[in-house]
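Heads up: the sequence shown runs through residues 1 to 83, numbered per UniProt numbering.
Heads up, the beta-carbon is just placed ideally off N, CA and C, and yes, glycines get one too.
Reviewing the structure listed below.
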Amino acid sequence: MSYYDQLHPWVVYRLLPNCQTIAVARFRRRNDAEMYLVAVRHLVQNAQWAIAFDPPPMPTAGAKRRSPNFLDASAKGKERQRN
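Structure, rendered in structure tokens:
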């Protein structure tokens with residue numbers, strides 16, 4: 001999932017035959033997705049649409065987490081040598 005997708009979790013889908021879907025647009029807020037859906041329903045009246053919340057994936061239990069201020073050992077050593 002891209003960073004853009006993580007920032008825009010609300011997705012407007014066009015529903016197609018045979019249980020297929022196309023993601024048409026992504027939004028940060030549900031209200032924006034609903035307003036887009038109102039407009040697109042007026043433009044394409046014979047299509048079916050849906051709004052879904054696509055949250056970012058949860059970190060796995062075995063994944064290592066790094067703090068934002070993480071420095072590897074070589075960077076810490078260089079920093080100590082400068083001081």
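Original post:
Considering only the beta carbon of each residue, do ALA25 and TYR36 sit closer than 8 Å?
Top reply: Counting from 1 along the sequence shown, the entry for residue 25 is found at position 25. Counting from 1 along the sequence shown, the entry for residue 36 is found at position 36. Taking a C-beta distance under 8 Å as the contact criterion, ALA25 and TYR36 qualify as a contact pair.
Subject >> As assigned by DSSP and simplified to three states, the class of ALA47 >> reply: Indexing the sequence shown from 1 puts residue 47 at position 47. Coil at ALA47, not helix or strand.
Subject >> Proximity below 8 Å, CB of TRP49 to CB of PHE27 >> reply: As a working note, residue 49 is residue 49 in the sequence shown. As a working note, residue 27 is residue 27 in the sequence shown. The answer is no: Cβ separation not under 8 Å.
Subject >> Pairwise C-alpha distance: HIS42 and ASP54 >> reply: In the sequence shown, the residue the question calls residue 54 occupies position 54. In the sequence shown, the residue the question calls residue 42 occupies position 42. Spanning the two alpha carbons is a distance of roughly 25 Å.
Original post:
What is the rounded straight-line gap between the Cα of PRO56 and the Cα of ARG30?
Top reply: Here residue 56 refers to the residue found at position 56 when the sequence shown is read from its first residue. Here residue 30 refers to the residue found at position 30 when the sequence shown is read from its first residue. Going from the Cα of PRO56 to the Cα of ARG30 covers about 15 Å.
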